[in-house]
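2 protein chains.
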Amino acid sequence: MNVAIAGLGLIGGSLALALKERHHVTGFDTDPNARESARAAGIDVVETLEALLPADAVIVATPIHAVVPTLEALALRAGKAVLLDVASVRAPVEAFAATAPAGCRIVGLHPMAGRSGAGFGAASAELLMHRPFLVVPTARSDTAAMALAGTLARDAGGEVTVCSAAQHDRIVAVLSAVPLTFAAALALTGAETVDGNLASLSGPGFGDSTRLALTSPDLGSAMLLANAENVRAALARARTILDEVDRAIASGDAAALNAILERAAQARRALS
Amino acid sequence: MNVAIAGLGLIGGSLALALKERHHVTGFDTDPNARESARAAGIDVVETLEALLPADAVIVATPIHAVVPTLEALALRAGKAVLLDVASVRAPVEAFAATAPAGCRIVGLHPMAGRSGAGFGAASAELLMHRPFLVVPTARSDTAAMALAGTLARDAGGEVTVCSAAQHDRIVAVLSAVPLTFAAALALTGAETVDGNLASLSGPGFGDSTRLALTSPDLGSAMLLANAENVRAALARARTILDEVDRAIASGDAAALNAILERAAQARRALS
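First to last, the sequence lines map onto chains D and B.
Numbers in this note's numbering are just positions in the first sequence, counted from 1, shifted up by 142.
Numbers in this note's numbering are just positions in the second sequence, counted from 1, shifted up by 142.
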């Protein structure tokens, strides 16, 4: 099919590279350098957002604050194109979709993937391979649009999970946003304590634990603020567990500590 | 030189494999299976702790609770052998060394390395390559013993940092113990929230953030309890930063949030 992508950064660029194996991909980015890089990588690039249409699907992969304005700009003239967006917080898109022009179709398509780099230069098809893609219906979704989202997710190498916007935002708060806040707190505590010697003193465990602190502060703030209620609830829950750990350490309760660490190890083994 | 290693698990086994390129290594483990595996990997294995002596150096790499008893068993008959130990909490060894027989020499040699596996089967020389080795003097250290510890650390592929027991225990609380508690809290919060779907929903960020939750509960509890004061102080400091983050989210203060995340990213960039 004809797939258009608005925003050729890490995620949009990776989608373009992954999908062009099976589809005709057209891309646009407001940044001329991103357009140039994408063109050099064999993507068919256009010079305006509007020139992405007509298409069978348009994937909006801009920074999070630009997702709703971009969907808005596309909605009136989308025609038969299904509008998809990769926003990592669904509530704002859900609110927009509820009032969007009748006849337009909007579906969330959020790949749970990332790395510390940014921009088209960091993009690669491999980034998306075997990653969970959360497919999220809106008030402007229909069966065909949902099926199209699933097809694109699978064609990009991902594995599809369908969930509601509310479920999505709860999941992302726990699996992405709170881990970011923990990584930031650990990185700052570590840097304060070892005073410039972090690189020479820390092992791979600390490196893994703090990797998400490399998230761009703009993206990080947007993820935390746009999803504030879920993030604060998940943060409170995680801190309750830290309270339990702290109490067990304070009272020298090895059995309680072992029980918490054993449950945590069991939970984590599901991933490995 | 003749290097003996008591305890052929992940760390002791890795030291044996790394050091046998340049030294004659003799190993012992209380577990016959570990002895058999080490022998099959070309290590010269003996059947009793005492048979490790005489040697130029004995590295005690047992589980943490057995380190002081093993040093105690070796101290009286060590002769000219320098006793080293890999304990990840120094205070108990420091206390023992202060009352150890005059003439014996004891130095801490703690490689900041690990992985989720355990036992000789998970050991490899590569685990230690370019890792920080914290060399920690005790009341029973002298210049020659410290130099020997540095030589062995470098010969095992590590990079040496010398620090006091107090500094060591503060550093390890921040760089290993608190990250473990954070990983455990995240893994448990994630598992509760997504109810059995952690593997299908989480991306690499969550996986990295929770990898330390795979630490063996026994090792984890020992690290937390034997170093309780430092761990609780570091945990409290990290939680103060989470308070700041939570307040900034609650008040929608994007500038404050950006500033915290930018400082954290800067701290973390020192590692990558």
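Heads up, the beta-carbon is just placed ideally off N, CA and C, and yes, glycines get one too.
Bear in mind that the values here come from a model prediction, so they are computed numbers and not experimental data.
The Cβ atoms of B/VAL188 and B/ASP227 lie no closer than 7 Å to each other.
If you check the CB distance, B/LEU269 and B/GLY300 do not come in under 7 Å. Residues of the region 265-288 of chain D with a C-beta atom less than 8 Å from some C-beta of chain B are ARG273, PRO274, LEU276, listed in chain order.
No Cβ of chain D is located within less than 7 Å of the beta carbon of B/ILE248.
At least 7 Å separates the CB of D/LEU161 from every CB of chain B.
The distance from the Cβ of D/SER230 to that of D/SER306 is about 15 Å, inconsistent with a contact at the 8 Å cut-off.
Contact between the region 382-396 of chain D and the region 147-163 of chain B is absent: fewer than 3 CB-CB pairs across the two stretches fall below 8 Å. Here the alpha carbons of D/ASP173 and D/ARG219 stand approximately 23 Å from one another. Within the DSSP secondary-structure output, D/ILE201 pairs in a beta bridge with D/ILE147, D/LEU226.
Pairing B/LEU225 with B/ILE391, the inter-Cα distance amounts to about 52 Å.
Between B/THR303 and B/LEU276, the beta carbon gap of about 6 Å places them in contact (Cβ cut-off 8 Å).
In the structure shown, B/GLU268 falls within a helical segment according to DSSP collapsed to helix, strand and coil. Residue environment: D/PRO253 is assigned as buried (16 or more neighbouring CB atoms within 10 Å of its CB, all protein chains considered). For D/THR172, there is no enclosing alpha helix (DSSP H), as DSSP marks it with neither H nor E. The alpha-carbon of B/PRO346 is positioned some 16 Å away from that of D/SER156. According to the DSSP assignment, D/GLY299 belongs to no alpha helix (DSSP H), since it is labelled neither H nor E. From the beta-carbon of B/THR331, the residues of chain D found nearer than 8 Å are VAL316, VAL320, ALA376, ARG379, ALA380, ILE383. Within the region 232-259 of chain B, the residues whose Cβ lies closer than 9 Å to any Cβ of chain D are, in chain order, PRO253, MET254, ALA255, GLY256, ARG257, SER258.
Cβ-Cβ distances below 7 Å link D/ALA242 to ALA217, ILE248, ARG282 in the same chain, with the five nearest sequence neighbours on each side left out; the list follows chain order.
Sequence-distant Cβ neighbours of D/LEU159 in its own chain, meaning closer than 8 Å and more than five residues away, are ALA183, ILE185, ALA265, SER266, ALA267. Judged by beta-carbon spacing, D/HIS310 lies within the 7 Å limit of D/ARG232, meaning their Cβ atoms are closer than that value. Straight through space, the alpha carbons of B/LEU340 and B/GLU192 are spaced by roughly 48 Å.
D/LEU194 is a Cβ neighbour of D/THR168, given a cutoff of 7 Å.
Closer than 7 Å to the CB of D/GLU178 there is not a single CB belonging to chain B.
Taken through DSSP and simplified to helix, strand or coil, B/ARG353 comes out as helix. Taking C-beta separations shorter than 6 Å and ignoring five residues to either side along the sequence, the partners of B/ALA255 in its chain run LEU269, LEU270, ARG273, following chain order.
In this structure, DSSP gives D/PRO196 a state outside helix and strand, which the three-state scheme calls coil. Residue burial is scored here from C-beta neighbours: D/THR382 has fewer than 16 other C-beta atoms within 10 angstroms and is therefore classed as exposed. Between B/PRO321 and B/LEU366, the alpha-carbon positions lie close to 11 Å from each other. Spanning the alpha carbons of B/ALA325 and D/VAL336 requires a straight line of approximately 21 Å. Going by beta carbons, B/LEU413 and D/GLY349 fall inside the 7 Å limit. In the three-state reduction of the DSSP assignment, D/ILE185 falls in the coil class. Taking 7 Å as the Cβ-Cβ cut-off, the region 193-223 of chain B has no residue approaching chain D. Here the alpha carbons of D/ARG389 and B/ALA407 stand approximately 30 Å from one another.
Between B/SER179 and B/PHE262 the beta-carbon gap is near 4 Å, inside 8 Å, which marks them as a contact. DSSP places B/GLY250 in the strand class (E or B) of the three-state scheme.
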